[in-house]
Structures are given as structure tokens and as C-alpha cells.
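Structure record follows, encoded as C-alpha cells.
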Amino acid sequence: MNLANHTFSVTGMTCAHCERAVTRAIKNIDPQAEITIDLTAGRVEVGSMQPRDTLAAAIVGEGYGVAP
Numbered sequence: 001m002n003l004a005n006h007t008f009s010v011t012g013m014t015c016a017h018c019e020r021a022v023t024r025a026i027k028n029i030d031p032q033a034e035i036t037i038d039l040t041a042g043r044v045e046v047g048s049m050q051p052r053d054t055l056a057a058a059i060v061g062e063g064y065g066v067a068p
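Mapping of the sequence shown onto full-length UniProt numbering: residues 1 to 68, in sequence order.
Rendered as C-alpha cells:
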């Protein structure tokens with residue numbers, strides 16, 4: 001399976017709960033997604049077959065901001 005890699009600058013993530021919420025939101029739309037989160041940098045890296053916009057919408061849906 002060829003995963004597309006997406007990097008998002010995410011605002012509002014401050015703790016492990018935030019990390020779990022973002023991970024859960026992405027996994028709900030793509031259970032096979034590979035996710036790496038750097039809370040300090042506010043960066044979320046996702047390997048997924050889903051379109052970038054769909055992944056960003058999942059993150060925003062949890063109440064976090066995604067920079068364009």
C-alpha cells in the first residue's frame with residue numbers, strides 16, 4: 001500500500017489528551033494511518049491513503065486549528 005505523507009501545523013495541542021484526540025480522529029477515518037505527533041512543534045505527520053483535506057477536517061473537527 002502506497003501511503004501519501006502529509007504534514008500539518010496544528011494549533012491548540014498542549015497535552016497527551018490532545019495527542020490522543022487527534023490520533024483518534026484520524027484513525028476514525030483511516031484505521032491504517034501512520035501518525036507521528038510532535039506536541040512541542042505543533043506538528044502532525046500522517047501517512048494515509050485519505051486526501052489531505054479529509055485528514056485536516058478530522059483534526060479541525062476535534063477543535064484544533066490547522067494552518068494552510
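Ideal Cβ placement from N, Cα and C applies to all residues, glycine included.
Check: When we look at the beta-carbon of Arg13 and count the other beta-carbons within 10 Å, is it buried (16 or more) or exposed?
Finding: Taking the first residue of the sequence shown as 1, we reach residue 13 at position 13. Residue 13 is actually Met in this sequence, not Arg. Buried is the call here.
Item checked: Secondary structure, alpha helix (DSSP H): runs of 4+ residues fully inside the UniProt domain "HMA" (4-67) -> 16-29, 52-61
Notebook entry, point to check: When the Cα atoms are used, what is the spatial distance from Thr54 to Ala41?
Noted result: Position 54 of the sequence shown, counted from the first residue, corresponds to residue 54. Position 41 of the sequence shown, counted from the first residue, corresponds to residue 41. Each residue's Cα considered, the two are about 22 Å apart.
Note to self: Just to confirm my understanding: we take Gly47, look at its own chain, exclude 5 residues before and 5 after, and list those with CB closer than 6 Å. What are they?
What the structure shows: For the purposes of this step, residue 47 is taken as the residue at position 47 of the sequence shown. Non-local C-beta neighbours of Gly47 in its own chain, meaning closer than 6 Å and more than five positions away in sequence, comprise Leu3, Asn5, Glu34, ordered along the chain.
Notebook entry, point to check: Ordered along the chain, which non-local residues of its own chain (more than five positions away) have a Cβ less than 6 Å from that of Met49?
Noted result: Counting from 1 along the sequence shown, the entry for residue 49 is found at position 49. Nothing listed; no residue qualifies.
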